[in-house]
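Enquirer: Chains as they are written, first to last, in numbering that gives the first Met the number 0: chain A, 0 to 162; chain B, 0 to 162. The beta-carbon is built from N, C-alpha and C at its ideal position, and this holds for glycine as well. Keep in mind the model is a prediction, meaning the values are calculated, not measured. Supplied in structure tokens, the structure appears directly below.
Protein chains: 2
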Amino acid sequence: MRMSKSAPAQRPAHDHRRCVERAVAAAERVCTARQFKLTPIRKRVLEIVWRQHEPIGAYEILAELAKDGGKPAPQTVYRALEFLQQAGLVHRLDTLNAFLGCDRPEDTHSGQFLVCSRCRRVAEIEDSVLNRTLRERARALGFRLDASPVEIKAICAQCAIPG
Amino acid sequence: MRMSKSAPAQRPAHDHRRCVERAVAAAERVCTARQFKLTPIRKRVLEIVWRQHEPIGAYEILAELAKDGGKPAPQTVYRALEFLQQAGLVHRLDTLNAFLGCDRPEDTHSGQFLVCSRCRRVAEIEDSVLNRTLRERARALGFRLDASPVEIKAICAQCAIPG
DNA sequence: GCTTTTGCGCTATGATATAACGTTTTAGGA
DNA sequence: TCCTAAAACGTTATATCATAGCGCAAAAGC
Chain A
0 MRMSKSAPAQ RPAHDHRRCV ERAVAAAERV CTARQFKLTP IRKRVLEIVW RQHEPIGAYE
60 ILAELAKDGG KPAPQTVYRA LEFLQQAGLV HRLDTLNAFL GCDRPEDTHS GQFLVCSRCR
120 RVAEIEDSVL NRTLRERARA LGFRLDASPV EIKAICAQCA IPG
Chain B
0 MRMSKSAPAQ RPAHDHRRCV ERAVAAAERV CTARQFKLTP IRKRVLEIVW RQHEPIGAYE
60 ILAELAKDGG KPAPQTVYRA LEFLQQAGLV HRLDTLNAFL GCDRPEDTHS GQFLVCSRCR
120 RVAEIEDSVL NRTLRERARA LGFRLDASPV EIKAICAQCA IPG
């Protein structure tokens, strides 16, 4: 029986300065409106998440934070991430044990993400019908959806190419 | 800002001897048919997973295995689980870092599971339309679904009751 | 200004998962 | 049957991800 393992992803870096700016601005709006406190650390973590603009692990964030000079502990990152999640500013992807900035923090949507099992690439499905169907099916079983994204493991086009 | 934490689940134990028997029989059929080797350890792990008949963590399985007398290492469990997953006999739920026996190992379906964020209760959605929709949406973005279950975080009826 | 809550630094530890290597078992061909 | 290669497994060590618990400081509410 064949038991192949997956390979890690490697993609070219990319300057997401604009994304960071936009995300931080949105975060400030959201936090002001809802009286959440976007402290310097939280803002910094959000920036790091968006600068990456790909799923990023807590300890990667920690490493980035450390470059600022301090000696932050995991707690620092996890606390900031907990806040950001609850404020709807970042999503946690359980599949990858990683975090991703939320595009539209203003509306409480629960997106669907395709996650490549091989390279960890992520794509978001934007489909209101799918969303509604999920909500209805959940409802029929007595469940109420929350804002967590639905993760769908799949193989992406690049990885599907034999090799 | 309110930041509430989730509470663990607690449900009455339940004798799943029948489920175990059925699951093991199915596993033996599948493995015979596809020439997979259902070794004693693998079978034992499958039994433990089914005896629980709820998502069970790798280290819980390890503890159960240890009761048999040996001193198994995590590897033992993870290797067995890897086999069982690839054989389609158990699912891994990333949301819970836990494993669950697959009801219908004979057909390669990718089920959808509702997972309660509060109590970890799990319910399976059986919906071919949903399944097809997911597959199509994935396809449109160049992704091909694999056999991994889709996990949908939600709040179950019991946990939704205020209190 | 006092109290309560919230945020955060810090140390430690828990929980989950894998690497690496050697030995044993199994399957299948010479 | 014996040999060989692959697969399964034991064992030790370590990597990775996440939380507990405590004390201090800053901020919010009275």
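(1) Can you tell which of Glu20(B), Val29(B), Arg50(B) has the C-alpha that lies nearest to the C-alpha of Leu83(B)?
(2) Counting along the chain, where does the beta strand (DSSP E) carrying Arg91(B) start and finish?
(3) Quick one: is Asp14(A) buried, meaning 16 or more other Cβ sit within 10 Å of its Cβ, or exposed?
(4) Within a Cβ cutoff of 6 Å, which residues of the same chain sit near Ala139(B), ignoring the five residues on either side of it in sequence?
(5) Ignore the nearest five residues each way along the sequence and tell me which others in Trp49(B)'s own chain have a CB closer than 7 Å to its CB.
(6) On a Cα-Cα basis, can you pick out the residue from Ala97(A), Glu27(A), Arg119(A), Ala32(A) that is closest to Leu61(A)?
(7) Is Lys66(B) close to chain A, meaning its C-beta is less than 8 Å from at least one C-beta of that chain?
(8) Should Ala72(A) and Arg41(A) be called a contact, given that it needs their Cβ atoms to be closer than 8 Å?
(9) At a Cβ cut of 8 Å, what residues of the region 126 to 155 of chain A count as close to chain B, listed as they run along the chain?
(10) Is there a Cβ from chain B that is less than 8 Å from the Cβ of Asp93(A)?
(11) Kindly indicate which three-state DSSP category Cys18(A) falls into: helix, strand or coil?
(12) Out of Gln157(A), Ala159(A), Gln34(A), point me to the one whose CA is closest to Gln85(A)'s CA.
(13) Taking C-beta pairs closer than 9 Å, name the residues in chain B that Ala72(A) reaches, listed in chain order.
(14) Please return the same chain residues whose Cβ sits closer than 8 Å to the Cβ of Asp67(B), not counting the five positions on each side in sequence.
(15) Given that Ala122(B) touches chain A, what residues does it touch there, using C-beta distances under 9 Å?
(16) Give the straight-line distance between the Cα atoms of Glu105(A) and Leu37(B), rounded to the nearest whole angstrom.
(17) In chain order, what residues of the same chain have a beta carbon less than 6 Å from the beta carbon of Ala25(B), not counting five sequence neighbours either side?
(18) Using the rule of at least 16 other Cβ atoms within 10 Å of the residue's Cβ for burial, across every protein chain shown, is Ile151(A) buried or exposed?
(19) So Ala159(B) contacts chain A; which residues on that side make the cut at Cβ distance below 9 Å?
(20) Classify Tyr124(A) as helix, strand or coil using the three-state DSSP reduction.
(21) With H, G and I counted as helix, E and B as strand and the rest as coil, what does DSSP make of Leu129(B)?
(22) Report the CB separation of Leu122(A) from Ala153(B) in whole angstroms; it is logged as a contact under 8 Å.
(23) Beta-carbon of Leu37(A) versus every beta-carbon of chain B: anything under 8 Å?
(24) At what residues does the beta strand (DSSP E) containing Ala153(A) begin and finish?
(25) Find the residues of chain A that neighbour Leu88(B), judging by a C-beta separation of less than 8 Å, and give them in chain order.
(26) Just to confirm the assignment, what range does the beta strand (DSSP E) spanning Phe166(A) have?
(27) I need the straight-line Cα distance from Phe142(A) to Pro148(A), nearest angstrom please.
(28) Using CA coordinates, which residue listed in Leu88(B), Arg134(B), Ile124(B) is at the minimum distance from Ala135(A)?
(29) Give, in chain order, every unbroken run of the alpha helix (DSSP H) that is at least 4 residues long and sits entirely within the region 22 to 59 of chain B.
(30) For Gly87(B), which residues of its own chain have a beta-carbon under 8 Å away from its beta-carbon, when the five flanking residues on both sides are left out?
(31) Nearest chain B C-beta to Leu99(A) closer than 8 Å, yes or no?
Expert: Considering the structure as presented:
(1) Taking the first residue of the second sequence as 1, we reach residue 83(B) at position 84. Minimum Cα distance to Leu83(B) is reached at Val29(B).
(2) Translated into the one-based positions of the second sequence, residue 91(B) becomes position 92. Secondary structure note for Arg91(B): its beta strand (DSSP E) is the uninterrupted segment 89 to 92.
(3) Translated into the one-based positions of the first sequence, residue 14(A) becomes position 15. Counting every other CB atom within 10 Å of its CB across the protein chains shown gives Asp14(A) a total below 16, marking it as exposed.
(4) Position 140 of the second sequence, counted from the first residue, corresponds to residue 139(B). Hits under 6 Å: none found.
(5) Numbered from its first residue, the second sequence carries residue 49(B) at position 50. The beta carbon of Trp49(B) sits closer than 7 Å to those of His15, Cys18, Val19, Ala22, Gly100, all from its chain and outside the five residues before and after it, given in chain order.
(6) Taking the first residue of the first sequence as 1, we reach residue 61(A) at position 62. Minimum Cα distance to Leu61(A) is reached at Ala97(A).
(7) Position 67 of the second sequence holds residue 66(B). By this cut-off, Lys66(B) is not an interface position.
(8) Position 73 of the first sequence, counted from the start, is the residue given in the question as residue 72(A). Position 42 of the first sequence, counted from the start, is the residue given in the question as residue 41(A). No, the pair does not count as a contact, with Cβ atoms beyond the cut-off.
(9) Listed in chain order, the positions of the region 126 to 155 of chain A with a beta carbon within less than 8 Å of a beta carbon of chain B are Asp126, Val128, Leu129, Thr132, Leu133, Arg136, Ala137, Leu140, Gly141, Phe142, Arg143, Leu144, Asp145, Ser147, Val149, Glu150, Ile151, Lys152, Ala153, Ile154, Cys155.
(10) Residue mapping note: residue 93(A) aligns to position 94 of the first sequence, counting from 1. It does: the Cβ of Asp93(A) has a partner Cβ on chain B nearer than 8 Å.
(11) Here residue 18(A) is taken as the residue at index 19 of the first sequence, counted from 1. Note: Cys18(A) maps to helix in three-state DSSP.
(12) Here residue 85(A) corresponds to residue number 86 of the first sequence, with the count starting at 1. Each of Gln157(A), Ala159(A), Gln34(A) was checked against the Cα of Gln85(A), and the nearest Cα belongs to Gln34(A).
(13) Locating residue 72(A) in the first sequence gives position 73, counting from the first residue. Result: empty, since nearest Cβ-Cβ is about 19 Å, beyond 9 Å.
(14) For the purposes of this step, residue 67(B) is identified with residue 68 of the second sequence, where counting begins at 1. Within the same chain, Asp67(B) has close Cβ partners Arg43.
(15) As a working mapping, residue 122(B) is identified with position 123 in the second sequence. By Cβ distance, chain A contributes Ala137, Leu140, Gly141, Phe142.
(16) Taking the first residue of the first sequence as position 1, residue 105(A) is located at position 106. Taking the first residue of the second sequence as position 1, residue 37(B) is located at position 38. Those two C-alpha atoms are separated by around 51 Å.
(17) Indexing the second sequence from 1 puts residue 25(B) at position 26. Take Ala25(B), set aside five residues on each side of it, and the residues of its chain with a beta-carbon closer than 6 Å to its own are Pro104, in chain order.
(18) In the first sequence, counting from the first residue as 1, residue 151(A) sits at position 152. Buried, since its Cβ has 16 or more Cβ neighbours within 10 Å.
(19) For the purposes of this step, residue 159(B) is identified with residue 160 of the second sequence, where counting begins at 1. Within chain A, Gly141, Phe142, Arg143 have C-beta atoms less than 9 Å from the C-beta of Ala159(B), given in sequence order.
(20) To locate residue 124(A), count along the first sequence from 1; it is residue 125. According to the sequence provided, residue 124(A) is Ile. The question's Tyr does not apply to it. Looking at Ile124(A) - three-state DSSP - the assignment turns out to be strand.
(21) Mapped onto the second sequence, residue 129(B) falls at position 130. Helix at Leu129(B).
(22) Locating residue 122(A) in the first sequence gives position 123, counting from the first residue. Locating residue 153(B) in the second sequence gives position 154, counting from the first residue. Looking at the sequence provided, one finds Ala at residue 122(A) rather than Leu. No, Ala122(A) and Ala153(B) are not in contact; Cβ-Cβ is about 23 Å, not under 8 Å.
(23) Counted from its first residue, the first sequence places residue 37(A) at position 38. Cβ-Cβ to chain B under 8 Å: no for Leu37(A).
(24) Residue mapping note: residue 153(A) aligns to position 154 of the first sequence, counting from 1. From DSSP, the beta strand (DSSP E) with Ala153(A) extends over 149 to 154.
(25) The count along the second sequence starts at 1 and reaches residue 88(B) at position 89. Within 8 Å of the CB of Leu88(B), no CB atom of chain A is found; the nearest one sits about 13 Å away.
(26) Lying before the first or after the last residue shown, residue 166(A) is absent from chain A, which here runs from 0 to 162.
(27) Along the first sequence, one-based indexing puts residue 142(A) at 143. Along the first sequence, one-based indexing puts residue 148(A) at 149. The straight-line gap separating the alpha-carbon atoms of Phe142(A) and Pro148(A) is approximately 15 Å.
(28) In the first sequence, counting from the first residue as 1, residue 135(A) sits at position 136. Going by the sequence as given, residue 135(A) is Glu instead of Ala. Comparing Cα positions, the closest option is Ile124(B).
(29) If we require 4 residues or more, the alpha helix (DSSP H) runs fully inside the region 22 to 59 of chain B come out as 39 to 51.
(30) By 1-based counting over the second sequence, the position of residue 87(B) is 88. So the qualifying residues of the chain are Val29, Cys101, Pro104, Thr107, Ala146.
(31) In the first sequence, the residue the question calls residue 99(A) occupies position 100. Chain B has no Cβ within less than 8 Å of the Cβ of Leu99(A).
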